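> This is the structure I have questions about; it appears just below.
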Amino acid sequence: ERMPGPTPIPFFGNSLQIKSHPNGVLQYFVENCKRFGPVTRFWIGSKPLVMITDFDDIEILLRTLDHTKKSITYDYIKPLLGEGLVTASGKGWHSDRKMLTPAFHYDIIKRFLHIFRGRVEILLENLEEKVGGDVFDVHELIIGYSLNAMIESAMGITLDLENERNSTYRKALKTVLRLCQDRTFNPFWRSDFVFRRSKAGSEFFQCLDIINDFSMNIINERRRQLKDADYSQLMIDENGEEMKKPFLDSMLMDGTFSDQKILDQVNTIIFAGHESIANGISFTLYNLGQNQDVQRKVYEELLMTCGRNLHHFTATNFRETKYMNMVLRETFRMYPSVPVFGRYVESDLKLKNTTITAGTSVSCFAYLSHRNPEVFPDPEVFDPERFADESRRGRHAYAQIPFSAGPRSCIGQKFALVQVKLVLGEVLRRYAILPGQKIGQIRSMFTLKPEGGIRIRVRRRSSSVVMIFTYRRGTWNS
Ligand code: HEM
1499 ERMPGPTPIP FFGNSLQIKS HPNGVLQYFV ENCKRFGPVT RFWIGSKPLV MITDFDDIEI
1559 LLRTLDHTKK SITYDYIKPL LGEGLVTASG KGWHSDRKML TPAFHYDIIK RFLHIFRGRV
1619 EILLENLEEK VGGDVFDVHE LIIGYSLNAM IESAMGITLD LENERNSTYR KALKTVLRLC
1679 QDRTFNPFWR SDFVFRRSKA GSEFFQCLDI INDFSMNIIN ERRRQLKDAD YSQLMIDENG
1739 EEMKKPFLDS MLMDGTFSDQ KILDQVNTII FAGHESIANG ISFTLYNLGQ NQDVQRKVYE
1799 ELLMTCGRNL HHFTATNFRE TKYMNMVLRE TFRMYPSVPV FGRYVESDLK LKNTTITAGT
1859 SVSCFAYLSH RNPEVFPDPE VFDPERFADE SRRGRHAYAQ IPFSAGPRSC IGQKFALVQV
1919 KLVLGEVLRR YAILPGQKIG QIRSMFTLKP EGGIRIRVRR RSSSVVMIFT YRRGTWNS
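Sequential numbering from 1499 applies to the sequence shown in my numbering.
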């Protein structure tokens, strides 16, 4: 009650102000958290929501296993994600997290590299069509890559998804995410009974059916394949040891996951994975287009570390491309794909200067904490040097946390970074990114999505004219 925050009105709390803010939900929270300070209280209808931006407070919340339950902002995405890893809590979440963690180990990711490379080749063909043309939304192209790469690797299914089913799924997902956000801040839609009977509700559930069908097809197809194959032999490595199983296989073979739980987890991984990878790649390309000097340095580093064998990206190459790492860190600082992540505290939580009472939702506002001018001066300026070793020394460990931190941090971080770097390496080796259109207003809160997309232009690099890439049976030749 005593915490600073915008004045609520009865029944609605701050929902109406949030919903009708001219620059969108995200900007509403940015403006108010800047105004009211590092711990700002809002009312979503009659439910309190506290947004925190102080690094110490964020660490206190994220480090503990005492508060794993998700905040009210996840309530309406539950029909999509059910008891999947993002939305589950307590013992169920803990045991699933333990069981599924090996599926995202680097040993598994290494086995997927040829899949990612194959998919990048298709992406490059699509980019080729854009050469010399006007600005285009690169996010739309990259999302085609990331959705396919995710399904082919984590799910073990090769579908030709550059087709209608893919775009139907994408459209349905976009609608569901938009309606989840709208519902969170619309007090009239809080009741399931009312929402189900509204036009938005019926659109929501129709789209949910499309998404569930899409995921069920994948699950059933993989189940069929596993039945036909002698999997026990397939999963033995050259030393006779049993190999770690990829994500979907590990659940299908475990035997303890119900069909509903498998569906929840598949929906979760597809949703959590492909959109954020596409965001990371697209925002980086955008930043490189706007900052030609930075792009030149990234390109020079790529040529120095990988040379003509860039496409055989190895674990060593990933470590060697230090400047690219700085560029990625800076991009994720400015544009964290997941700008807000929260917990519901079931017992009092003592922060640095205040105590949050039990029964409150507390959200870490990474989008804003990443813009703390005391740690990142001129926060709207893209400057990878902020992440040079000397600049990082002594900085708070929670100052930049695009993958969250602590026990509920992103399970797919390595999986994502390998792909982001691989795709960037391949794209930049062939194409120069030219300045595009300045990014529009970012309104959404679940994942960062600028209005009008992420628009860049590309030019073929002259040196790449002499390089002809072919892709045969999982290996690259040039
Ligand atoms: C650049 C790419 C990515 C970013 C920036 C990112 C960011 C995040 C963040 C901030 C969280 C915490 C969310 C929360 O507390 O609500 C999270 C959780 C999660 N992410 Fe990612 N993610 C990325 C890619 C991926 C990929 C590729 C996968 C799957 C293959 C994935 C799967 C998950 C899952 C399952 C969780 C929930 C973990 C748990 O609560 O135990 N993410 N991610």
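Even glycine gets a Cβ: it sits at the ideal position worked out from N, Cα and C.
Please read these numbers as outputs of a predicted model, since none were measured by experiment.
For my contact list, T1858 and V1843 are in at a C-beta cut-off of 8 Å; report their separation, rounded to the angstrom.
Taking the sequence shown and counting its residues from 1, the one referred to as residue 1858 is at position 360. Taking the sequence shown and counting its residues from 1, the one referred to as residue 1843 is at position 345. Going by Cβ atoms, the distance from T1858 to V1843 rounds to 6 Å, so yes, they are a contact pair.
> Pull up the CB-CB distance for R1957 and Y1929, whole angstroms please, since I reckon it's below 8 Å.
Within the sequence shown, residue 1957 is the residue found at index 459, counting from 1. Within the sequence shown, residue 1929 is the residue found at index 431, counting from 1. Yes, they are in contact, since the Cβ atoms of R1957 and Y1929 sit about 7 Å apart, within 8 Å.
> In whole angstroms, give me the CA-to-CA distance for I1575 and L1622.
What you label residue 1575 is simply residue 77 of the sequence shown in a count that begins at 1. What you label residue 1622 is simply residue 124 of the sequence shown in a count that begins at 1. Using only the alpha carbons, I get a separation of about 34 Å.
> Taking only three categories from DSSP, how would you classify L1622?
Taking the sequence shown and counting its residues from 1, one reaches residue 1622 at position 124. In the structure shown, L1622 sits in a helix (DSSP, three-state: H, G or I).
> Sorry if obvious, but does the Cβ on N1777 come closer than 8 Å to a heavy atom of the ligand HEM?
Reading the sequence shown from its first residue, position 279 is the one you call residue 1777. Yes.
> For M1549, which of helix, strand or coil comes out of DSSP?
As a working mapping, residue 1549 is identified with position 51 in the sequence shown. DSSP places M1549 in strand when its eight states are reduced to three.
> With DSSP as the reference, label P1882 as helix, strand or coil.
Here the question's residue 1882 lines up with position 384 in the sequence shown. If DSSP states are grouped into helix, strand and coil, P1882 belongs with the helices.
> Let's see if you can read the secondary structure: which residues bound the alpha helix (DSSP H) around G1511?
As a working mapping, residue 1511 is identified with position 13 in the sequence shown. Looking at the DSSP string, G1511 is not in any alpha helix (DSSP H), and its letter there is neither H nor E.
> Can you name the start and end residues of the alpha helix (DSSP H) that R1770 belongs to?
Mapped onto the sequence shown, residue 1770 falls at position 272. Reading the sequence as shown, one finds Ala at residue 1770 and not Arg. Per DSSP, A1770 belongs to the alpha helix (DSSP H) from 1757-1788.
> Along the chain, which unbroken stretches of the beta strand (DSSP E) at least 3 residues long are found entirely within the stretch 1881-1961?
With a minimum length of 3 residues, the continuous beta strand (DSSP E) runs that stay inside the stretch 1881-1961 are 1929-1932, 1953-1958.
> Which two residues bound the contiguous alpha helix (DSSP H) that contains G1631?
Taking the first residue of the sequence shown as 1, we reach residue 1631 at position 133. Premise fails: G1631 is in no alpha helix (DSSP H) and is neither H nor E.
> Can you tell me where the alpha helix (DSSP H) with V1528 in it begins and where it stops?
Position 30 of the sequence shown, counted from the start, is the residue given in the question as residue 1528. Residues 1523-1534.
> Considering only DSSP beta bridges, list what Y1842 is partnered with.
Looking up residue 1842 in the sequence shown gives position 344. Y1842 pairs with S1859.
> Can you tell me which of the three DSSP states R1869 falls into?
Here residue 1869 corresponds to residue number 371 of the sequence shown, with the count starting at 1. Of the three classes helix, strand and coil, the one that applies to R1869 here is coil, per DSSP.
> To which residues does DSSP link I1854 through a beta bridge?
Here residue 1854 refers to the residue found at position 356 of the sequence shown. Answer is L1847.
> When DSSP builds the beta bridges, which residues end up paired with V1537?
Your numbering for residue 1537 matches position 39 in the sequence shown. Beta-bridge pairing links V1537 to I1550.
> Beta-carbon within less than 6 Å of P1685's beta-carbon, same chain only, minus the 5 sequence neighbours each way: which residues are those?
Numbered from its first residue, the sequence shown carries residue 1685 at position 187. Answer for P1685: F1510, S1513, G1543, listed in chain order.
> A1770: beta carbon under 8 Å from a heavy atom of the ligand HEM?
Position 272 of the sequence shown, counted from the start, is the residue given in the question as residue 1770. Answer for A1770: yes, Cβ within range of the ligand HEM.
> Assign E1740 to one of three DSSP states: helix, strand, or coil.
Walking along the sequence shown from the start, residue 1740 turns up at place 242. Residue state, collapsed to three classes: strand.
> Considering only DSSP beta bridges, list what K1669 is partnered with.
Residue numbering aside, residue 1669 sits at position 171 when the sequence shown is read from its first letter. According to DSSP, K1669 bridges with nothing at all.
> Going by alpha carbons, who is nearest to K1850 out of I1556, T1505, S1518?
As a working mapping, residue 1850 is identified with position 352 in the sequence shown. Cα-wise, what sits closest to K1850 is I1556.
> Is it buried or exposed for I1640, if we count other Cβ within 10 angstroms and need 16 for buried?
By one-based count along the sequence shown, residue 1640 stands at place 142. It counts as buried.
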